[in-house]
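The structure under discussion appears below in the form of structure tokens.
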Ligand code: AMP
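Numbering (my numbering), first residue to last: 13 to 300.
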């Protein structure tokens, strides 16, 4: 695996890896952008890319523009050595680890604003977050120029924002959504799980229980949003230490609220356990 931190090196290594047939290559370049502190969720994205693509590129960049000043940017876990071992084991061809200066040189003033969808769910709770996400992902897409880019369904709102961005800007990349990878007890894997004490870790399980309870109700035929949402909220309230940020049933593309799940929907949760904000979701399928 080549590890590079400049844009020029990335382009030159990609030129070598892809050869002169890049445009006509059969499966092309697969890209997995991450913020590092890699876990099995990230590994599943890399494996999906490896199965599908000729060349696999990963990036690790803790993007300051998607953190508000009161958020955890400075203490976000950074575990580059272990991350490199995982990426190497999974057969990644190229790792791009840019500095802040490389991604945002002094004087850069351009942002990507995906209006509307960026203000919903996490975007409502974290103003400016998706502007930072869209900007960095657009830049990374321009640097790597992947045919396919792999993202986790865990960050369902992020996927909605990026799908809209790709459509609106006619970016020549296909986004591939990969399933949520969970711990053995159901907790969605997240780099932020490292912040949790043992007790908080147990409390956090209420999020998964809530989603499971509502998904079961849905399977049993319940379609009313208020009933499904109350089922999730009741589970969250059984853990008084857990503070709900949002519990919502929305359209997976627009993130607009749904009154019922007659045509399926995305059941999404964000909650604080102590100071750690966790997100999770369940897709309610539309009838075949
Ligand atoms: P992050 O490093 O948190 O920015 O995440 C990088 C990518 O990994 C994003 O596309 C996330 O959606 C994805 N991801 C994070 N956690 C999981 C998980 N538990 N299962 C699947 N994908 C995940």
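Every residue, glycine too, gets a C-beta built ideally from N, C-alpha and C.
Query: State the DSSP-derived secondary structure class of residue 190, mapped to helix, strand or coil.; Result: strand
Query: Touching or not, the region 54-62 and the region 98-113, by the rule of three or more beta carbon pairs under 8 Å?; Result: yes
Query: Are at least three pairs of beta-carbons, each pair with one atom in the region 193-203 and one in the region 263-281, less than 8 Å apart?; Result: no
Query: Compute the distance between the beta-carbons of residue 278 and residue 262, then report whether it is under 7 Å.; Result: yes
Query: Could you check how far apart the C-beta atoms of residue 172 and residue 124 are, in whole angstroms? I think they sit under 8 Å.; Result: So it is not a contact: roughly 15 Å between Cβ atoms.
Query: So the alpha helix (DSSP H) residue 24 belongs to, where does it begin and stop?; Result: 19-30
Query: How far does the alpha helix (DSSP H) with residue 185 in it reach, from first residue to last?; Result: From DSSP, residue 185 is part of no alpha helix (DSSP H); its letter is neither H nor E.
Query: In angstroms with no decimal places, state the Cα-to-Cα distance between residue 153 and residue 54.; Result: 18 Å
Query: When you compare only the Cα positions, how much space is there between residue 75 and residue 151?; Result: 12 Å
Query: Run through DSSP, which three-state label would residue 76 get?; Result: helix
Query: Since residue 115 and residue 73 should fall inside the 8 Å C-beta cutoff, what is the C-beta to C-beta distance between them, to a whole number of angstroms?; Result: 6 Å
Query: Taking the alpha-carbon of residue 70 as reference, which of 16, 127, 203 has the nearest alpha-carbon?; Result: 16
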